[in-house]
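> Pasting in a structure now, in C-alpha cells, and then I'll have a few things to ask.
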Amino acid sequence: MASVDFIIGNTYTQLSNNRAQWDRTRTHRKIHEWTLYVDILSSSESDADLVKKVEFNLGGSFDPSKFVSHCPIKESIDGGGYRWRFQTKQTTYAPVSARIAIIGRGGTVLRREFRVVCEPGGGRKSVDTFREHSPNDALTPVPMENVEFGIELELSTSSSVTTTDVANSIAENATVTVLDLMHDYSGARSRTDVWKIMHDGSLSCPREHGDNCNKFELVSPILRGGEGLGIVDRVMRALGNIPSVKVNQSMGFHVHVNVENLSLAKLKNVCQNFIKYESAMDTLMPPSRRENQYCKSNKLAVASNVVYLAANSEYVLQKIDACTSRKGLGDLMNPEDQKYFKLNLMPLTTKRQPTIEFRQHSSTYQRDKVKNWIRFCVAFVYNSAKYRPPAHLTRSYSDDELFDMMMMYVVKDRSLRDYYRGRKIEHVNNHGDSCCGGCATGSGCDAHQRPVKMARG
Numbered sequence: 308m309a310s311v312d313f314i315i316g317n318t319y320t321q322l323s324n325n326r327a328q329w330d331r332t333r334t335h336r337k338i339h340e341w342t343l344y345v346d347i348l349s350s351s352e353s354d355a356d357l358v359k360k361v362e363f364n365l366g367g368s369f370d371p372s373k374f375v376s377h378c379p380i381k382e383s384i385d386g387g388g389y390r391w392r393f394q395t396k397q398t399t400y401a402p403v404s405a406r407i408a409i410i411g412r413g414g415t416v417l418r419r420e421f422r423v424v425c426e427p428g429g430g431r432k433s434v435d436t437f438r439e440h441s442p443n444d445a446l447t448p449v450p451m452e453n454v455e456f457g458i459e460l461e462l463s464t465s466s467s468v469t470t471t472d473v474a475n476s477i478a479e480n481a482t483v484t485v486l487d488l489m490h491d492y493s494g495a496r497s498r499t500d501v502w503k504i505m506h507d508g509s510l511s512c513p514r515e516h517g518d519n520c521n522k523f524e525l526v527s528p529i530l531r532g533g534e535g536l537g538i539v540d541r542v543m544r545a546l547g548n549i550p551s552v553k554v555n556q557s558m559g560f561h562v563h564v565n566v567e568n569l570s571l572a573k574l575k576n577v578c579q580n581f582i583k584y585e586s587a588m589d590t591l592m593p594p595s596r597r598e599n600q601y602c603k604s605n606k607l608a609v610a611s612n613v614v615y616l617a618a619n620s621e622y623v624l625q626k627i628d629a630c631t632s633r634k635g636l637g638d639l640m641n642p643e644d645q646k647y648f649k650l651n652l653m654p655l656t657t658k659r660q661p662t663i664e665f666r667q668h669s670s671t672y673q674r675d676k677v678k679n680w681i682r683f684c685v686a687f688v689y690n691s692a693k694y695r696p697p698a699h700l701t702r703s704y705s706d707d708e709l710f711d712m713m714m715m716y717v718v719k720d721r722s723l724r725d726y727y728r729g730r731k732i733e734h735v736n737n738h739g740d741s742c743c744g745g746c747a748t749g750s751g752c753d754a755h756q757r758p759v760k761m762a763r764g
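Structure (C-alpha cells):
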C-alpha cells in the first residue's frame with residue numbers, strides 16, 4: 308500500500324468593485340477570488356503521480372458544479388523542497404463549501420469537505436494522508452476537448468499499390484468513405500466531409516520504392532472531439548492492412564485545430580505559448596522536422612532574426628500582444644503570407660478555413676503517434692486559451708525544463724507527459740519516425756514496414 312501526505316486549503320484575494328464581475332443574476336459582485344487546492348506534500352513527482360485526479364464539487368450555484376484537476380503544478384516551498392498542487396480558481400460573492408474527492412491511480416477514493424475561508428491568508432486544514440489500497444493503473448489521457456480538428460498525412464506506396472487500392476482498403480477496414488481525388492485537386496480542396504487522397508508534389512519517393520512510387524496525402528474530413536479521435540484510430544488501424552506504405556524525411560503530418568470561437572486575445576495566448584515553448588516541442592521531433600523549408604521557426608520569425616535568445620524575451624511576447632487583428636497576428640507569425648512555419652495561421656487569416664495548423668510532426672502511420680499528437684495540439688490550443696497570457700522567461704532554461712513546464716502549465720496531461728518523455732529519448736537515440744533507416748538518402752523507416760495482406764477490393 309502506497310501513501311502520501313496532503314493538505315487542503317485555499318488562497319484568498321478580495322477584489323475591488325471595479326474589478327469584480329457581477330454574478331449571473333446581476334445582484335451581487337463576485338469580490339472573493341480564491342484558489343481551492345489539494346497540496347501533495349512531497350518533492351517527488353512519483354508521489355504526486357499516486358493521485359490520478361482531484362474533483363472539486365462546488366454545488367449547484369456553479370456551472371459546471373464540478374471541476375476536475377488532472378495535472379498538479381510543482382511549487383517551491385519555504386525552507387526548500389517542493390509540493391504538487393491540484394487546484395481550481397474561482398470568484399464568488401460569498402464563501403462556499405466544497406466536497407473534494409481525491410482519486411488514486413488504483414481506484415481508491417478519499418472524500419473530504421472544506422469551507423472556503425474568504426479572509427486574508429485564506430484557510431487550510433491539518434496534514435492528512437491518502438492511501439492507495441490497489442495496484443496503480445497507468446495514467447490515462449485527459450478527456451479531449453469537444454472541438455473540431457482535421458489531419459493530413461503524407462505517405463507513399465510502391466507503384467504496385469495504387470492510391471485507389473489505398474482508398475478501398477481504408478474504406479473497407481475503417482468503415483469510412485474515402486475518395487481517390489489524385490487527379491481532381493480543385494475538387495479535393497472543396498470536400499471537407501469525407502476522407503480523401505490528394506496529390507502532393509512536394510514529396511519524394513523513399514529509396515526502397517525507387518523513382519516510381521505513389522506519393523499522396525491522406526486528408527481527413529472535419530472531425531470532432533473524442534468521437535473524431537476514435538475514427539482516426541480506425542483509419543490508422545486500416546493503414547496496417549496496406550503493404551509497402553513508407554514515410555521519409557520529405558513527408559509530414561499536419562494537424563488543424565478549429566479556433567473560430569477564440570477571441571484575438573486568446574489566439575495571442577496560443578501564439579505566445581508556442582513561441583515560449585517552441586524549442587521544447589522541437590525535442591519531440593526528429594532533427595529533420597526541427598527546421599526545414601516546410602516547417603520554419605515561428606520564434607525566429609517573430610524575433611525578426613535577432614539574437615536567438617531574444618525570441619524568449621519580454622519584448623518578443625509584447626510584439627504578439629501588440630497585434631490588433633487576426634491578420635496582423637498572422638503577418639507576425641507567418642511573414643510574407645507563407646504557410647511553411649511550424650505553426651501556420653494562414654488558413655485563419657485568409658479566411659479559407661477557421662483553423663490553425665501544426666506542421667512540425669514527421670509523417671507516420673503508427674496510430675499512437677497520430678492520436679497523441681492530436682491530443683497534444685488540441686490541449687495546447689485550448690488550455691492556452693483558457694488561462695492568462697504566459698509570462699516571459701526571466702532566465703535560460705534547458706529544453707528538459709521547458710518541456711516539463713509546457714506539460715505542466717499548458718498541456719496539463721501527465722499521460723502525454725510520460726509518452727513524450729519516451730519520444731524524446733527515442734529521438735536522442737536516433738530512433739524517431741523519419742530519422743531511422745537512412746532518411747538523409749530518402750530511405751523509409753524500417754520500423755514502418757508491415758507487409759500484410761491487402762483488403763479485398
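Per the working numbering, the very first residue in the sequence shown carries number 308; after that it's consecutive.
Note that beta-carbon positions come from the ideal geometry of N, C-alpha and C, so glycine has one too.
Return the chain-ordered ranges of every alpha helix (DSSP H) run that is complete within the segment 572–632 and spans a minimum of 4 residues.
605–609, 621–628
> Taking C-alpha atoms, which residue in 577, 502, 601 lies nearest to residue 292?
Here the chain covers residues 308 to 764 and nothing more, so residue 292 does not appear.
> Using alpha carbons as the reference points, say which of 695, 657, 644, 640 lies closest to residue 650.
640
> Whole-angstrom Cβ separation of residue 463 and residue 516, contact assumed at under 8 angstroms?
6 angstroms
> Measure from the alpha carbon of residue 530 to the alpha carbon of each residue in 539, 710, 524, 522, then state which is nearest.
539
> State yes or no: is the C-beta of residue 406 within less than 8 angstroms of the C-beta of residue 475?
Not in contact: residue 406 and residue 475 (Cβ atoms no closer than 8 angstroms).
> Closest to residue 403 by CA distance: which of 393, 340, 436, 441 is it?
Per the Cα distances, 340.
> Given a threshold of 16 other Cβ atoms within 10 Å of its Cβ, counted over all protein chains shown, does residue 563 qualify as buried or as exposed?
buried
> Going by DSSP, what residue range makes up the alpha helix (DSSP H) through residue 424?
Looking at the DSSP string, residue 424 is not in any alpha helix (DSSP H), and its letter there is neither H nor E.
> Assign residue 482 to one of three DSSP states: helix, strand, or coil.
DSSP places residue 482 in coil when its eight states are reduced to three.
> Classify residue 648 as helix, strand or coil using the three-state DSSP reduction.
strand
> Just to confirm my understanding: we take residue 374, look at its own chain, exclude 5 residues before and 5 after, and list those with CB closer than 6 angstroms. What are they?
363, 395
> Would you kindly work out how many angstroms separate the C-alpha atoms of residue 720 and residue 583, rounded to a whole number?
18 angstroms
> Please report the straight-line C-alpha distance between residue 477 and residue 684, rounded to a whole angstrom.
25 angstroms
> Please name the residue, chosen from 580, 687, 435, that lies closest to residue 315 on a Cα-to-Cα basis.
435
> Spell out a yes or no on whether the segment 625–634 and the segment 534–553 are touching, meaning 3 or more CB-CB pairs, one atom from each, closer than 8 angstroms.
no
> Count the C-beta pairs between the segment 663–675 and the segment 700–710 that are closer than 8 angstroms, then say yes if the count reaches three, no if not.
no
> Once you ignore the five residues that flank residue 616 on each side, which residues in its own chain have a CB closer than 8 angstroms to its CB?
The pLDDT assigned to residue 616 is 48, lower than 50, so where the model puts this residue is not dependable, and the model offers no usable value.
> Here's a check: name, in chain order, each residue in its chain whose Cβ is nearer than 6 angstroms to the Cβ of residue 486, leaving out the five neighbours to either side.
501, 503
> Use the C-beta contact count for residue 571: other C-beta atoms within 10 angstroms, 16 or more gives buried, fewer gives exposed.
exposed
> Quick check on DSSP: helix, strand or coil for residue 713?
helix
> Comparing alpha-carbon positions, which option in 425, 484, 535 lies nearest residue 450?
535
> Grouping DSSP H, G and I as helix and E and B as strand, with all else coil, what is residue 405?
Strand at residue 405.
> Is residue 418 near residue 443, with beta carbons less than 8 angstroms apart?
no
> Helix, strand or coil: how does DSSP classify residue 695 here?
coil
> Measuring straight from C-alpha to C-alpha, what distance separates residue 537 and residue 425?
44 angstroms
> Under 8 angstroms by Cβ, that's how I've got residue 681 and residue 393 pegged, so tell me the actual separation to the nearest angstrom.
With a Cβ gap of about 26 angstroms, residue 681 and residue 393 do not count as contacting.
> In angstroms, rounded to a whole number, what distance separates the CA positions of residue 689 and residue 695?
12 angstroms
> DSSP state of residue 638, grouped into three classes?
helix
> Alpha carbon to alpha carbon, what distance is there between residue 415 and residue 321?
The C-alpha of residue 321 lies about 36 angstroms from the C-alpha of residue 415.
> For a test of the three-state rule: what should DSSP assign to residue 541, helix, strand or coil?
In this structure, residue 541 counts as helix in the three-state DSSP scheme.
> Given this structure, state the Cα-to-Cα distance separating residue 739 from residue 558, to the nearest angstrom.
At residue 739 the pLDDT is 46, less than 50, meaning the model places this residue with poor confidence and gives no usable figure here.
> Taking C-alpha atoms, which residue in 324, 611, 346, 675 lies nearest to residue 317?
Shortest Cα-Cα distance from residue 317 to any of 324, 611, 346, 675 involves 346.
> Keeping to the same chain, check which residues put their C-beta closer than 7 angstroms to that of residue 591; ignore five residues upstream and five downstream.
727, 730, 731
> Can you find the residues in the same chain that come closer than 6 angstroms, C-beta to C-beta, to residue 742, ignoring five residues on each side of it along the sequence?
Annotation note: pLDDT 41 at residue 742 (below 50); position unreliable, no value reported.
> For residue 398, does the three-state DSSP call read helix, strand or coil?
strand
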